[in-house]
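Input: a single structure, listed below in structure tokens.
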Amino acid sequence: MFKEIEEKWQRAWEDAKIFEADPDGRPKFFLTIPYPYLNGNLHAGHTRTFTIGDAFARYMRMKGYNVLFPLGFHVTGTPIIGLAELIEKRDERTIQVYTKFHDVPLQDLLGLTSPERIVEYFAKEALIALKKIGYSIDWRRKFTTMDPAYQKFIEWQYWRLKELGLIERGSHPVRYCPNDQNPVEDHDLLMGEDASIVEFTIIKFRLEGSDLIFPCATLRPETIFGVTNIWLKPAKYVIARVDGEKWIVSKEAFEKLRYMDRNVELIGEVDGREFIGKNVVVPLVERLVPILPAEFVDLDNATGVVMSVPAHAPYDFVALRDLGSKIEPIVIISSGNRDIPAKEIVEELKIKDQNDPELEKATKMLYKREYHTGVMLENTGKFAGMKVSEAKDKVEKELRDLKLGDVFYEFSDKPVVCRCGSKCVVKVVRDQWFLRYSDEQWKSKVLEHLESMTIIPDYYKEEFRNKILWLKDKACARRKGLGTRIPWDKEWLIESLSDSTIYMCYYILAKFVNSGQIKAENITNEFLDYVILGKGSLELAKNSGLSEELIERIRNEFRYWYPVDLRSSGKDLVANHLLFYLFHHVAIFDKELWPRAIAVNGYVSLEGQKMSKSKGPLLTMKKALELYGADVTRLYILHSAEYDSDADWKSKEIEGLAANLERFYNLVREYYLKEPSDITTLDRWLISRFNRAVKEVRDAMDKLQTRRAVNFAFFEIMNLVRWYLRRGGKNLSLILDDWIKLLAPFAPHICEELWHLKHSTFVSLEKYPEFDAAKIDEEAERAEKYLEQLLEDIKEVMKFVENAKIVYIYPAEEWKCKALEIANEKGLSEAMKWLSAQGIDKSEISSFAKRFKNAELIPNERKRIEENIEFLEKELQVKVSLDSSALPIEKKRTAMPGKPAIFVT
RNA sequence: GCGGGGGUUGCCGAGUGGAAAAGGCGCAGGGCUUAAGACCCUGUCCCGAAGGGGUCCGCGGGUUCGAAUCCCGCCCCCCGCACCA
């Protein structure tokens, strides 16, 4: 184990401050990774993303860049508060998960009953782990998102967004527990985790000669043209005043409407049966249709009032059939059907009556088909000819514009039950603050910028494109949780994903905050406008109370470091954080400060199982380091999967790797200090092949392909070394300086230790090995390859000979080499002519012609074999001879240049 | 459903027109060792008493002298679809 070595170099790096980055004359590289959320210990997922970041930071540093690689901690939001409550309540599962999977000792855990303590504890633990794994982070810039200075920065950002008109008020639906009077998150649910909020369209049917409205709820507003009647359940309904209108709805619907930010008032109860047979007016179509009774109507779904489109809704068709009604369905959509679509499908599925469970399936099938392939028929007015998918939105909009339509939110699955046991409802939260991500101009700016960015892997660019188009307005305010208050509306907290969008620029301030040069009260909007955006003026910025000199210095540092050159992140953040990261940068900064590149890596699972912070299993970074140490963990996670695919952590594999790394360590120690003696072909082969590996490693790293990089830098070279030593190589030290450097970004501690056997500088700051075409030695490579092939061929032959005693090797005769040369230059027929002229036996010539395709000229082939007889004998454990007299003629004939005849006795 | 990714030899996983197909893991045999482990070597689709032959990359077609790689159709798997970090 390398624990002592690791600690030693971590201390040395820290003492020498080699990762503290400040502006200088070198080109800069600003690399960030997402700050971790501290509701638990860092785990294998963090380990992966962060280690990729660190390996790249170290690589770029060794390539000569001034690398800034900082990290802070994220604590805003609700989970930390939730966790504190659970610990306070001594929730059994939480205690189990945190002691067992997060490796928190019980007595420590029980004390974490407030958000502050949780933050303090996990921040401390995280820092320990991050230092123990040897990340090259500039820790002078560490912060947490509840720091007063950071909060001032967030407030500034929100003022800027408001000034830009990108924040506005609105309302939106949330899952809500009436008992707790709070929005409910997934983990707060007993039932209904999969339920989503569905938006029904309400279409208002007015009772003939009355002001009573029957609000029919539907997911298919475009079918309004096919309405033949409406359905009521023969049961109790209520009359309610809703935003000034008199609505007939189910009792359940009335209760739900009360949460939908409407003005509702109960007027009285009424029996649905009273209305049966009366007529209502179909909006838009202005047709009178009757109210009919139906048992399938669910009073607890939407309004409890349903419109009937028997041609396109199997339920309606069957209900009419059950009633024995003579009403004719009106077909308004064509999707390749001959008859009435609902009739076709009902007959196909042999549906008996409206209580048949198959009806659900029929409905889905038909809806799907018509939505995707259906076209509106002539009887749908101006919508005729439109695709159903298009008409749906258009009809809905028209109804809404004419106040004939409305929305009703409902869960897709029921029931949805809160942990407290009450049924959840959909609540429409009003006066909510929204980020206007749907803004067309904003979007197109982001889209345009995306095209100029580097996205790794590249197919994620398409994914980003789609997600940008798809992004809608986002509610950015919360009532509950940790966070910064919206500066102009202190009732609301800024939601936690919305406060982590452009914080990378805060790292530049954080250094000054942590050193005490800036206090929170100095961070005024004018100050930030000036140092970050270069807007306003130095005079205004000086109102912050800071000196001109300091302000200018910060301004200059900001200009030096920004923009972010690479943000390396897990793929879980693509559809949220990384998107917001782009949007906010594009909105707030000038073009030259927009992010340059984003890299996205995959997940980590554990022995095939998905990790879960709240349920387990989980492998913490701390535990991994305890078990395997830093370098093994790093090398393993970098090698376990290529950046974009998911990795599976297998303890058996990592143990194997530990052994490999130890071998490397011992190998280097054994050879590093030996002075190289005479350089042989074999040495030139090693240097040549090593050089090729260097090229591969650099190429892989430039694309962040850490798996490929480690594969070459470690395993491939290890294999070269194996062959080299097997062949009796003595001068391994020829490549060791470079090999150590090559591996330094991946396993920095061991490399540092080994490097210091010979040098007094830090390998972490050395120049990364470069590919040198001059060191490629084709001839040496061919010579080794020849020997390898020869050995393999002999073994192949020996398989068929029991108790082999002597191996005779017979290289091709001189005339064959000459003939091959001619054949290569002038073609086979010239070679044949030449052979005849030499008076070579005819059967020999034809044998040559048959085989010449597989032949290759090896310079000094015989000598090559002679020199290596000893090696071959050692490998084969038999005598090897070049004596040609023992070979039968027909055997000799098979000898070709590069492929000698082999004869075993 | 929409969008993105993917299906390769026991497993993981490279490989985008010409290699039974890198590397790792596992397994088997041998060497080293008092022994085990580690380490080193060999083998690991099938056949073969001479370095050879056959079969193979989700399924079915096609293009090509030649396909895991290109085209068409089909099947299957993973991820995201939000206000949650």
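Numbering (my numbering), first residue to last: 1169 to 2073.
No residue lacks a Cβ here, since even glycine has one placed at the ideal position from N, Cα and C.
Check for me: the alpha helix (DSSP H) holding R1587 runs from which residue to which? That residue, R1587, is in no alpha helix (DSSP H); it is neither H nor E in DSSP.
Out of D1740, R1587, E1516, I1766, which one is the CA nearest neighbour of K1629? I1766
For L1387 and P1478, the rounded distance between their alpha carbons: 15 Å
Can you give me the C-alpha to C-alpha distance between S1557 and L1534, rounded to a whole angstrom? 14 Å
What does a CB cutoff of less than 6 Å around T1215 pick up in its chain, not counting 5 residues either side in sequence? M1789, I1805
C-alpha distance - C1592 paired with E1188, whole-angstrom precision: 51 Å
Do I1990 and E1998 come within 8 Å of each other at the CB atom, strictly closer than that value? yes
For the beta strand (DSSP E) holding K1372, just list the boundary residues, first then last. 1365-1375
If you compare alpha carbons, which of P2027, R1653, Y1303 is closest to E1946? P2027
If you run the structure through DSSP and keep just helix, strand and coil, what is M1779? coil
Backbone CA spacing between I1301 and L1277 [nearest angstrom]: 24 Å
If you drop the 5 nearest sequence neighbours on each side, which residues of the same chain put their C-beta closer than 8 Å to that of Q2006? W1983
Which residues in the same chain as Y1233 place their Cβ atom closer than 6 Å to its Cβ, once the five residues preceding and following it in sequence are excluded? P1195, F1197
Three-way DSSP call (helix, strand, coil) for K1611 in this model: helix
For the beta strand (DSSP E) that A1815 lies in, which residues bound it at each end? 1815-1817
Return helix, strand or coil for C1345, following the three-state DSSP convention. strand
Residue range of the beta strand (DSSP E) that includes I1636: Where I1636 is concerned, there is no enclosing beta strand (DSSP E), although the alpha helix (DSSP H) it sits in stretches over 1628-1638.
Whether or not the region 1267-1274 and the region 1779-1799 are in contact is what I'm after, with contact meaning three or more pairs of Cβ atoms, one per stretch, closer than 8 Å; do they touch? yes
To the nearest angstrom, how far is the alpha carbon of M1228 from that of E1938? 13 Å
Between which two residues does the alpha helix (DSSP H) holding V1878 run? 1874-1878
Quick one: give me the first and last residue of the alpha helix (DSSP H) that F1290 is part of. 1283-1300
What are the start and end residues of the beta strand (DSSP E) that includes T1386? 1380-1386
Which class does R1764 belong to by DSSP, given the choice of helix, strand or coil? coil
Nearest-angstrom Cα separation, counted from L1933 out to P1913: 10 Å
Please determine if the region 1716-1728 and the region 1697-1706 are in contact, where contact requires at least 3 C-beta pairs separated by less than 8 Å. yes
Beta-carbon proximity list for M1428, same chain, < 6 Å, skipping 5 on both sides: V1596
Quick one: what's G1436 bridged to in DSSP? I1407
Quick one, which of I1444, E1528, L1452 has its alpha-carbon nearest F1485's? E1528
Would you mind listing the alpha helix (DSSP H) stretches within the region 1435-1523 that are 4+ residues and don't spill past its ends, in chain order? 1482-1491, 1509-1516
For Q1325, three-class secondary structure by DSSP: helix
Start-to-end residues for the alpha helix (DSSP H) that takes in M1359: Per DSSP, M1359 belongs to no alpha helix (DSSP H); it is in the beta strand (DSSP E), 1357-1359.
Inter-residue spacing [alpha-carbon to alpha-carbon] between W1399 and Q1522: 13 Å
Could you check what DSSP says for E1413 in three-state terms: helix, strand or coil? strand
Check this for me: beta carbons of T1217 and T1313, under 8 Å apart or not? no
Can you grab the Cα-Cα spacing for the pair S1668 / T1369, in whole Å? 36 Å
Span separating the alpha-carbon of W1762 from that of E1367: 37 Å
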